[in-house]
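Just so you know, the protein sequences line up as chains L and R, in that order.
Residue numbers for the first sequence follow our numbering, so the first one is 1 and each next one is one higher.
Residue numbers for the second sequence follow our numbering, so the first one is 1 and each next one is one higher.
Glycine included, C-beta positions come from ideal geometry on N, C-alpha and C.
Everything on this sheet refers to the single structure shown next.
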Amino acid sequence: MKEKFFQKKFIILYFIGAGLIWMGLVSVVYIESNVTYHNKILAQEGIICPSPTSKKNAMQLLNCYLNTPAPTIPVPTPTITPVVTKAPIPTPTVDPCSSQLADYAVVKQALLTKNKIDLQGDPDLAWANQTLTTMCKLSSSPTFNTLLTAQGNIVIRFHTGSCVIGNADMNTGIDLTGSCDPQLNRAVLVHELAHMIAFRNPAIFNSYLSTVWPSQIPTYNCQTHFGSGPTAAECFADGVAENVVYSYLRITSGGLPAGNPTFPEYPTTYASYYNLMNTSVFGSVSFTSF
Amino acid sequence: MLNKIKKNKIWLIVILVVLILIPIFILILPVNKNQKEYKIPSSANIPTVIMTPTIPPLQRQQNLEKVVPGQSSEQEVAEILGRQFRKGSSQGYTTLYYPLPPTHRENVIYVSNETVKYIAEEIPVDNALYADFVKQSGTQADGKLYDKSYSNAGFFWYVFSKKGIAFLANPYQGYTIQVLRFEPTEYANFLNTTAKQFSITAESAPNTEKLH
């Protein structure tokens, strides 16, 4: 019996049998260790196989995996290349932002189409062109454009008068009365536009309250608003304006607040103001010259 | 070799036993399921996590709603909100200022005769509190009032006097920057008392800027 057990043919069978057992057990271990990965793939296809709780369940899991349909592979939609036709050569037109315009109606139309500014009233052509120049420059900041006009056009009504007075209302828009030199006109315009930005984007003003206020800047509307200042709303608006004009103008009235007429120290000495306006209002676009 | 194995039957048995036992040992050994990692496709982009210093997030003060105007005492305020406040006075009231780091803003509790009278809460986070309150309460504000410091930025006081709450909010989005809590009262009484205390007016302040 013993001799029979160790005959050549039986020895070969023993090795084959051991090899089959070996392969079978290794396969189970291999599949089980990867079933969790495949389960993740199946789960993405909406097919869930139970996780193995023991080695005994590995075969059940194998059955689940083998019996579930293969995940569908999405066929990419072929892209259709559009047929490009040559566009007609446009008739050259004067870029309204490149030079002074000779017609008030043209300026008005340019402000409306480029900047969503609805200019009303009867300003002189020089003032209208100044307004267009300022808006063209501010338009280089997509952030500013979006904040200003997200809720539609801005109406600016011009009224004749002495050196400039501004007023902003969240319902009716901006009223500008009178005209000074271009730099002051620009400062008041941007100040009023800043009020409109606050009206339309309350989160930016709230961010100003959290990160800057009650810090103040030495400008007229911030420190002496109707003699009772300062107020957060006016300091915010003057801060936005100074971000545009600081290199050549510090906003004062009648020489108040006292000090230099220009404001070169604004970005450093009043960094909290400059940084907030530069990033949140102007999207890191700086204005050092007009 | 086969003959050698045939002759040394012990070795044959040992080889067979080892061949059978090795995979069994592999199965029996405890498997740490945590080590069973998913196979990550080679084309996957593994994001790199960059650790940066964190700035404390803006948030409202916790437990402030547990302080009740007209009921809570100064002692209870300290127990509920803690003692990290600075004390002051304003127009006859004892004021407790609770800071809201990392901002410069502070919640203010107004106390008179040992009892809380007003709670002025700053709201540094984005929200729609006023709009949400109108929707949930089903009521409209008694009136819209003006604040000289904030109305030129588009924020007005919307008062619900009988519910003892007012919101300094943007009317279009309901975005609120301050909430004022007080003892419920009639609107006329609110105008004569609370509104004057906080310089809240029925008329808008002039908002014309001029340069000359």
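Secondary structure of residue i, DSSP reduced to three states
| i | result |
| --- | --- |
| residue 115/R | strand |
| residue 278/L | helix |
| residue 133/R | helix |
| residue 116/L | coil |
| residue 178/R | strand |
| residue 202/L | helix |
| residue 212/L | coil |
| residue 142/L | helix |
| residue 77/R | helix |
| residue 167/R | strand |
| residue 249/L | coil |
| residue 93/R | strand |
| residue 218/R | Past the boundaries of the shown model lies residue 218/R; chain R is included only from 1 to 212, so the question cannot be answered. |
| residue 148/R | coil |
| residue 192/R | helix |
| residue 68/R | coil |
| residue 53/R | Since pLDDT at residue 53/R reaches only 49, below the 50 mark, its modelled position is unreliable, and no value is offered. |
| residue 232/L | helix |
| residue 99/R | strand |
| residue 157/L | strand |
| residue 60/R | coil |
is_contact[residue i, chain R] using C-beta, thresh 7 Å
| i | result |
| --- | --- |
| residue 170/L | yes |
| residue 273/L | no |
| residue 89/L | Confidence at residue 89/L is low in this model, with a pLDDT of 44, below 50, so the placement of that residue is unreliable and no value is reported for it. |
| residue 22/L | yes |
| residue 231/L | yes |
| residue 206/L | yes |
| residue 144/L | no |
| residue 18/L | yes |
| residue 282/L | no |
Below-7 Å beta-carbon distance, residue i vs any chain L residue
| i | result |
| --- | --- |
| residue 34/R | Any reading at residue 34/R is ruled out, since the residue's pLDDT is 45, under 50, leaving its predicted position unreliable. |
| residue 154/R | yes |
| residue 103/R | yes |
| residue 170/R | yes |
Other residues of its chain near residue i: CB distance less than 7 Å, five sequence neighbours each side excluded
| i | result |
| --- | --- |
| residue 190/R | 159, 161 |
| residue 165/L | 177, 178 |
| residue 222/L | 216, 229, 230, 234, 235, 238 |
Supposed contact pair residue j and residue i - C-beta distance, whole angstroms, cut 8 Å
| i | j | result |
| --- | --- | --- |
| residue 144/L | residue 198/L | That pair is no contact at about 13 Å. |
| residue 129/R | residue 193/R | Contact flag wrong, Cβ pair sits at about 24 Å. |
| residue 58/R | residue 124/R | 4 Å |
| residue 130/L | residue 186/L | 7 Å |
Contact set for residue i: own chain, Cβ-Cβ below 6 Å, skip 5 residues either direction
| i | result |
| --- | --- |
| residue 172/L | none |
| residue 97/L | 136 |
| residue 128/L | 104, 107 |
| residue 197/R | none |
| residue 166/R | 157, 159, 180 |
| residue 14/L | none |
| residue 174/R | 128, 130, 131 |
Cut-off 8 Å between Cβ atoms - residues of its own chain near residue i, not counting five sequence neighbours on either side
| i | result |
| --- | --- |
| residue 159/L | 121, 175, 176, 177, 178 |
Interface flag, residue i vs chain A, CB-CB below 7 Å
| i | result |
| --- | --- |
| residue 27/L | The chain labelled as chain A is not found among the protein chains of the depicted structure, namely L and R. |
Checklist entry - Is there contact here, the region 121-140 of chain R with the region 236-245 of chain L, by at least three beta-carbon pairs under 8 Å? => result At 8 Å Cβ cutoff, the stretches do not touch.
Checklist entry - Counting pairs of Cβ atoms below 8 Å between the region 109-116 of chain R and the region 76-95 of chain R, do you hit three or more? => result Yes: at least three Cβ pairs fall under 8 Å.
Checklist entry - Using 8 Å as the Cβ pair cut-off and three pairs as the minimum, do the region 246-261 of chain L and the region 6-20 of chain R touch? => result The region 246-261 of chain L, when compared against the region 6-20 of chain R, does not touch it at the 8 Å Cβ threshold.
Checklist entry - Any chance the region 152-159 of chain L sits against the region 109-129 of chain L, with 3 or more Cβ pairs inside 8 Å? => result A contact is defined here as three or more CB-CB pairs under 8 Å, and the region 152-159 of chain L meets this definition with respect to the region 109-129 of chain L.
Next on the checklist: Taking 8 Å as the cut-off, does the region 60-67 of chain R touch the region 97-108 of chain R (at least 3 CB pairs, one atom from each stretch)?
Outcome noted: Using a Cβ-Cβ distance cut-off of 8 Å, the region 97-108 of chain R and the region 60-67 of chain R are in contact, since at least three pairs of beta carbons, one from each stretch, lie closer than that value.
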